[in-house]
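Worksheet: the structure to be examined is printed underneath.
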Amino acid sequence: MSLHAVVIPGKRALPWIVWLHGFLGAGSDWHEITSAFANPQLLIDLPGHGASHAVSTSGFAQTRRLLQNTLIDYNILIYWLVGYSLGGRVAMYHACRQPEGLRGLIVEGAHPGLTTGRERDERRTSDRRWAARFTHQPLERVLDEWYRQPVFASLSEAQRQRFITLRRDNHPAALSAMLTATSLARQPNLRARLAKLPVPFHFLCGERDTRFHAIAQSIAARCHTLPDAGHNAHRENPQAFCACLTSILHASPEENL
């Protein structure tokens, strides 16, 4: 089994860019920025999301297998992996297995893993509550409160409403299942393995995303701060996001080919 994906053709000599969206999103979230790149690109819908809403997963290991199967289906041999939030966590988990063909890892606002049992217990309790709410309460109400969490504090009311409108076509039961399966409480602490990656590793976050600024200091990555943006920097400041990725991809052409 593999995941639904959309191909954007590009120059065959360049490595693919494989995009992984965040929780509540879909591969289409990246459409606003894909035109900035000449690379061939693959926009993937993660399990429980978009056209992959009927695809289930038991956790990170199975999600990684689904990702690997999807890359094989599209004959993607050389690629950079770009992931936001949940997609970034999946991307880091995948990269830590050091797959053949991966040329670099770029994550935006993604957690490398909790470090204490207490943190895991607290996160497990929180995610179970959210999963129950997605299952049993009206979706728009849950989305409104989801986007009022502190991590999204930089959003204006208009931006929050746009997100709610964009996300209200999701399938609540599928979201609940994916949230449970890929809870941060179930994710390994990847810091040690990320420090041993044989490929470039870049971490992006918005300048107003203070939580992930702090997290960025705990990982062995080259960190990039994007101006005028919070947690969801690629949507809040797509121009800065594209400029940063372009700089990364063009920095060491010998590594990208």
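Residues in the sequence shown are numbered from 2 upward in steps of one, following the numbering used here. Virtual Cβ for every residue (Gly too), placed ideally from N, Cα, C. For clarity, every value in this text was computed on a predicted model and none was experimentally measured.
Three-way DSSP call (helix, strand, coil) for residue i in this model
{"i": "Thr116", "result": "coil"}
{"i": "Thr247", "result": "helix"}
{"i": "Thr166", "result": "helix"}
{"i": "Arg104", "result": "strand"}
{"i": "Ile9", "result": "strand"}
{"i": "Leu140", "result": "helix"}
{"i": "Arg66", "result": "helix"}
{"i": "Leu43", "result": "strand"}
{"i": "His225", "result": "strand"}
{"i": "His214", "result": "helix"}
{"i": "Glu109", "result": "strand"}
Burial state of residue i (16 or more Cβ within 10 Å)
{"i": "Thr181", "result": "buried"}
{"i": "Gly114", "result": "buried"}
{"i": "Met179", "result": "buried"}
{"i": "Gly89", "result": "buried"}
{"i": "Ala39", "result": "exposed"}
{"i": "Gly26", "result": "buried"}
{"i": "Val1", "result": "Residue numbering for the chain in the displayed model covers 2 to 258; residue 1 lies beyond these limits and cannot be assessed."}
{"i": "Ala193", "result": "exposed"}
{"i": "Arg223", "result": "exposed"}
{"i": "Arg169", "result": "exposed"}
Beta-carbon spacing of residue i, residue j below 9 Å
{"i": "Leu82", "j": "Ala96", "result": "yes"}
{"i": "Glu237", "j": "Ser155", "result": "yes"}
{"i": "Asn73", "j": "Trp17", "result": "Checking the sequence, you will find Ile at residue 73 rather than Asn. No."}
{"i": "Leu87", "j": "Leu44", "result": "no"}
{"i": "Arg187", "j": "Arg130", "result": "no"}
{"i": "Ala6", "j": "Thr71", "result": "yes"}
{"i": "His225", "j": "Cys245", "result": "yes"}
{"i": "Ile1", "j": "His251", "result": "Because the chain is modelled from 2 through 258, residue 1 falls outside the range shown and cannot be assessed."}
{"i": "Ala241", "j": "Asp210", "result": "no"}
{"i": "Tyr85", "j": "Asp128", "result": "no"}
{"i": "Tyr75", "j": "Val152", "result": "no"}
{"i": "Gln42", "j": "Gly23", "result": "no"}
{"i": "Ser3", "j": "Leu103", "result": "no"}
{"i": "Gln150", "j": "Pro100", "result": "no"}
{"i": "Gly28", "j": "Asp46", "result": "yes"}
{"i": "Ala14", "j": "Thr247", "result": "no"}
Residues near residue i in its chain [Cβ-Cβ closer than 6 Å; skip 5 each side]
{"i": "Ile249", "result": "His203"}
{"i": "Pro201", "result": "Gly105"}
{"i": "Ile77", "result": "Trp17"}
{"i": "Arg1", "result": "Lying before the first or after the last residue shown, residue 1 is absent from the chain, which here runs from 2 to 258."}
{"i": "Glu255", "result": "Confidence is the limiting factor: at Glu255 the pLDDT is only 44, short of 50, which leaves the residue's position unreliable and the question unanswerable from this model."}
{"i": "Gly118", "result": "none"}
Cβ shell of residue i (< 7 Å), same chain only, five flanking positions each side left out
{"i": "Ala174", "result": "Thr136"}
{"i": "Leu185", "result": "His112, Leu115, Arg124"}
{"i": "Pro228", "result": "Glu208, Asn238, Ala241"}
Neighbourhood of residue i by C-beta, 8 Å cutoff - its chain only, sequence neighbours within 5 removed
{"i": "Arg65", "result": "Val91, Tyr94, His95, Arg98"}
{"i": "Ser219", "result": "Pro113, Arg192"}
Minimum Cβ-Cβ distance from residue i to chain C less than 9 Å
{"i": "Arg124", "result": "Any reference to chain C falls outside this structure, which holds one protein chain only."}
Meets three-Cβ-pair contact criterion under 8 Å: the stretch 209 to 218 and the stretch 193 to 200: Segments in contact, no.
Contact between the stretch 126 to 144 and the stretch 40 to 57 (3+ Cβ pairs under 8 Å): As far as the Cβ criterion goes, the stretch 126 to 144 does not touch the stretch 40 to 57, which means the pair count is below three.
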